[in-house]
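Those protein sequence lines, which keep their order, are chains A and B. For the first sequence, numbering that gives the first Met the number 0 assigns the number 0 to the initial residue and increments by one for each residue that follows. For the second sequence, numbering that gives the first Met the number 0 assigns the number 0 to the initial residue and increments by one for each residue that follows. The beta carbon of each residue, even a glycine, is placed where N, CA and C say it ideally should be. Report on the structure given below.
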Amino acid sequence: MTTWIDKAMPGLVIAPVLVPLAAAALLLLMRESNRRAKAALDIAACVVNLAVVVALAAWTTRGDAGAVGVYLASNWRAPFGIVLAADRLSAMMLVLAAVLVLAAALFAVPRWHQAGAHFHSLLQLELMGVNGAFLTADLFNLFVFFEVMLAASYGLLLHGSGRARVRAGLRYIAVNLAASSLFLIGVAIVYGTVGTLNYADIARKIADVQHADRGLLHAGAAILGVAFLAKAAIWPLNFWLVPAYRAASPPAAAVFAILTKVGLYVVLRLWMLLVSVDPSALVVHGGDALVAGGLATLAFGAVAMLASQNLRALACYAVVSSSGTVLAAVGLGTAPLVGGALYYLAGSTLAVATLFLVAELAERTREVEAAPPDVDVAAPHLPFYVDVPGQGESSAFDDTGDTLLIGQAIPAATAFLGMSFLAVALVIAGLPPLSGFLAKFAMLAVLLDPRALDATSASTSIPVTHWLFVALLVGAGFTAIVAMSRSGARLFWAPEGRATPHLRAIECLPVAAFLVIFAAMAARAGPIVDYTRAAASGVIDPARYIDAVLAASPVASAGDAARVAPAEARR
Amino acid sequence: MEVVVALAIGVIGGSGVYLLLRPRTFEVIMGLALISYAVNLFIFSMGSLALGDEPIVKPGVAADLAHYTDPIPQALVLTAIVIGFAMTALFLVVLLASRGLTGSDHVDGAEPDR
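This is the structure we're talking about:
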């Protein structure tokens with residue numbers, strides 16, 4: 000197996016961009032009425048993409064320090080051409096995106112892809128944008144892939160149309176266009192002061208920036224930061240998130256769970272690259288702001304979860320609070336903590352996506368239930384919808400008292416949804432035995448260890464920030480339990496005689512697969528946390544990344560050089 | 000020349016931000032268009048302003064930075080213009096859809112209560 004991966008490198012690095020691009024182009028050419036074939040092609044492309052990124056992830060774990068796969072587009076050397084680079088962090092995010100998009104494609108088959116045109120093409124383009132953003136090693140290409148990702152997300156958000164979606168879409172697009180302008184301003188300032196756009200080259204040259212230009216550079220970095228943090232849903236820049244994600248169709252919302260993580264990934268990657276070379280200035284400027292913003296976001300998400308009245312809003316605020324957790328961990332910036340946060344990020348992203356899917360399946364029956372039951376006007380009791388005390392003997396009997404409800408089988412669909420919801424609640428709230436608990440434990444263990452931040456320091460006191468983080472992390476878990484058990488009780492316990500949701504096997508498949516992933520993530524937590532910690536240390540100490548990108552040599556033969564010219568090099 | 004360009008960027012950008020914060024969708028789209036013009040000018044000026052200099056090495060002209068202008072910002076601006084144009088067009092479609100569905104050109108989809 001290793002041999003064919005070796006042969007495929009470095010082409011494997013660009014495959015996660017090319018596969019969805021080709022699939023999206025083919026899907027566009029197919030007739031809209033031919034839905035089954037479109038869905039089949041979409042799912043096939045997702046499976047191919049998943050196989051590619053898993054192979055890539057396997058390749059990046061080689062050696063003690065891990066390997067960095069570098070692809071030189073059009074065979075141009077690193078600082079001059081466009082570079083794609085895959086290290087362990089990129090590969091992990093790619094796998095996460097591939098799983099989510101595959102799940103959304105499967106989930107959309109029975110119902111949702113009929114709600115509008117070109118759903119599958121948009122899904123593939125979204126995947127292409129996200130994959131590109133994770134792979135690129137160049138600031139301006141990051142902008143291009145961001146725009147691909149955002150353009151596809153506008154389409155996905157509007158999928159199904161309707162007043163609510165168009166209204167939410169209008170604001171979502173306006174906010175993102177404004178953020179993109181900030182992004183461009185930041186890119187221009189960084190280019191103007193450092194003179195390059197390549198991540199590795201920026202990290203190398205940033206130390207040479209003259210003192211007079213330092214202020215400008217910091218301002219540029221801060222403007223870039225605002226653009227990414229708005230995408231990562233940091234408080235107070237996250238007002239756009241909840242209306243948009245709530246209005247989106249469920250499979251689209253499940254995919255959107257990865258979009259905030261793109262913002263987080265970029266913050267982690269770029270900030271660490273800049274800090275590693277120039278710790279003094281940027282740590283002072285950036286670290287505290289990231290921690291404060293992350294903690295405020297976490298607190299906001301936790302409180303808003305309590306206030307949310309339905310499952311979708313709950314899922315949206317779970318996105319917000321998971322962003323806050325990861326941001327605060329990134330701001331504190333030690334490898335074990337960030338490693339734990341990355342493990343948390345993987346679990347919480349999948350959990351939120353599952354919650355969007357489960358919410359749709361569970362709330363389907365509400366439409367049936369919405370009309371009030373027929374009321375007999377002549378009846379002696381008031382027409383209350385809820386159980387009236389004294390009416391009916393016991394809740395264990397149905398109205399006629401003939402059949403005992405105890406011992407009756409719960410419909411399989413309801414039981415499945417209930418179990419899925421329970422699992423999601425455990426992951427989001429961070430209760431044992433699933434991965435959410437282990438992830439929070441991994442972070443808390445580092446936060447409460449006074450020597451974790453600085454092994455040489457003799458002091459055994461724990462900084463106030465750490466205590467605050469611990470308190471918020473535990474508090475957010477508590478509010479999540481309260482909010483989730485309230486909605487769960489309302490959805491799965493209260494109704495008697497509500498119609499059983501009609502589920503199709505292909506819709507349940509992604510949800511069931513997510514449950515298996517949660518169990519696997521908990522069972523194999525050791526190796527996974529080792530991987531995320533290695534990924535974190537690879538990004539916190541990016542010397543290998545920088546060396547790999549700058550040392551990558553062009554492909555020798557002329558035939559190869561012609562072969563590797565990818566689409567985005569021809570912009 | 001730097002002052003003129005800086006003032007132009009400032010005026011266009013300021014007008015764009017003002018329009019972006021207005022309640023009508025048409026004003027918002029004009030604001031976004033103006034902001035993107037300002038940003039494009041800004042990127043362009045980051046490659047240092049020069050009149051009549053070549054971006055690509057030309058035979059007969061000494062190959063040093065005194066005789067050439069930086070081509071990278073020009074390439075960036077080209078990409079940014081294309082992307083910004085496409086996004087504005089897309090926004091325009093959503094704006095029209097919103098107008099059609101709600102019957103109002105207010106960004107909230109309905110006139111605020113007075």
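Query                                                                                                                                                                                            : Result
Out of curiosity, what's the CA-to-CA distance linking residue 400 of chain A and residue 360 of chain A?                                                                                        : Only weak support exists for where residue 400 of chain A lies, its pLDDT of 47 falling under 50; the coordinates are left without a value.
From the DSSP output, which residues share a beta bridge with residue 68 of chain A?                                                                                                             : A/85
Are the beta-carbon atoms belonging to residue 517 of chain A and residue 428 of chain A less than 8 Å from one another?                                                                         : no
Please confirm if residue 128 of chain A has its CB atom under 8 Å from at least one CB of chain B.                                                                                              : no
Flag this pair as yes or no: are the beta carbons of residue 219 of chain A and residue 185 of chain A separated by less than 8 Å?                                                               : yes
Tell me which same chain residues have a C-beta within less than 6 Å of the C-beta of residue 198 of chain A, skipping the five on either side of it?                                            : 136, 272
If residue 232 of chain A and residue 240 of chain A are in contact, beta carbons under 8 Å, what's the gap, nearest whole angstrom?                                                             : 5 Å
For the 8 Å Cβ check, are there 3 or more pairs between the segment 327 to 342 of chain A and the segment 520 to 533 of chain A?                                                                 : yes
Can you find the residues in the same chain that come closer than 6 Å, C-beta to C-beta, to residue 20 of chain A, ignoring five residues on each side of it along the sequence?                 : 127
Quick check: what's the CA-CA separation for residue 304 of chain A versus residue 262 of chain A?                                                                                               : 22 Å
Checking 8 Å against the spacing of the C-beta atoms, do residue 46 of chain A and residue 11 of chain A come in under that value?                                                               : no
Whole angstroms is fine: what's the gap from residue 520 of chain A's alpha carbon to residue 539 of chain A's?                                                                                  : 24 Å
Nearest chain B C-beta to residue 184 of chain A closer than 8 Å, yes or no?                                                                                                                     : yes
Can you name, in chain order, every residue of its own chain whose Cβ lies under 8 Å from the Cβ of residue 585 of chain A, other than the five neighbours on each side?                         : For residue 585 of chain A there is no data in the structure shown, the boundaries of chain A being 0 and 570.
Identify the contact partners of residue 124 of chain A in chain B, using a Cβ-Cβ distance below 8 Å as the criterion.                                                                           : Correct list: empty, because the minimum Cβ distance to chain B is about 13 Å.
Based on the DSSP secondary-structure assignment, which residues constitute the bridge partners of residue 135 of chain A?                                                                       : A/83
Could you give the distance in angstroms between the alpha-carbon of residue 436 of chain A and the alpha-carbon of residue 471 of chain A?                                                      : 15 Å
Below 8 Å on the Cβ atoms is my contact criterion, and I expect residue 480 of chain A with residue 203 of chain A to pass it. Report the Cβ-Cβ distance as a whole number of Å.                 : Their Cβ separation, rounded to whole angstroms, is 48 Å, which puts residue 480 of chain A and residue 203 of chain A out of contact at 8 Å.
Going straight from the alpha carbon of residue 247 of chain A to that of residue 171 of chain A, what length do you get?                                                                        : 11 Å
Answer yes if the segment 27 to 46 of chain A comes into contact with the segment 61 to 76 of chain A, meaning at least three C-beta pairs across the two stretches below 8 Å, and no otherwise. : no
For residue 99 of chain B, I'd like the list of residues in its chain whose CB is within less than 8 Å of its CB, leaving aside the five on either flank, ordered along the chain.               : none
Residues of the segment 50 to 73 of chain B with a CB closer than 8 Å to any CB of chain A: list them in chain order, please.                                                                    : 71, 72
If contact means a Cβ-Cβ distance below 8 Å, which residues of the segment 0 to 31 of chain B contact chain A?                                                                                   : 19, 24, 27, 31
Distance check for residue 119 of chain A and residue 319 of chain A, CA to CA, integer angstroms please.                                                                                        : 27 Å
Does the Cβ-Cβ distance between residue 156 of chain A and residue 251 of chain A come in under 8 Å?                                                                                             : yes
Would you please state the rounded distance, in angstroms, between the beta carbons of residue 434 of chain A and residue 510 of chain A? I believe it to be under 8 Å.                          : Contact flag wrong, Cβ pair sits at about 16 Å.
Taking residue 576 of chain A as the query, report the chain B residues whose CB atoms sit under 7 Å from its CB, ordered along the chain.                                                       : No answer is possible for residue 576 of chain A: it lies beyond the span of chain A, which begins at 0 and ends at 570.
In three-state terms, what does DSSP make of residue 53 of chain B?                                                                                                                              : strand
What is the residue span of the alpha helix (DSSP H) that residue 210 of chain A lies within?                                                                                                    : 210 to 230
May I have the straight-line CA-CA distance separating residue 229 of chain A from residue 182 of chain A, to the nearest angstrom?                                                              : 11 Å
Starting from residue 520 of chain A, trace the alpha helix (DSSP H) both ways and give me its first and last residue.                                                                           : 504 to 522
Please state if the CB of residue 87 of chain A and the CB of residue 68 of chain A are separated by a distance shorter than 8 Å.                                                                : no
Could you pull the start and end residues of the alpha helix (DSSP H) that residue 26 of chain B belongs to?                                                                                     : 24 to 45
Look at residue 313 of chain A and residue 486 of chain A and say whether their C-beta atoms are less than 8 Å apart.                                                                            : yes
Closest to residue 265 of chain A by C-alpha separation, out of A/92, A/210, A/426, would be which residue?                                                                                      : A/92
At a CB-CB cut-off below 7 Å, which residues of chain B make contact with residue 208 of chain A?                                                                                                : None at all; the shortest Cβ gap to chain B is about 14 Å.
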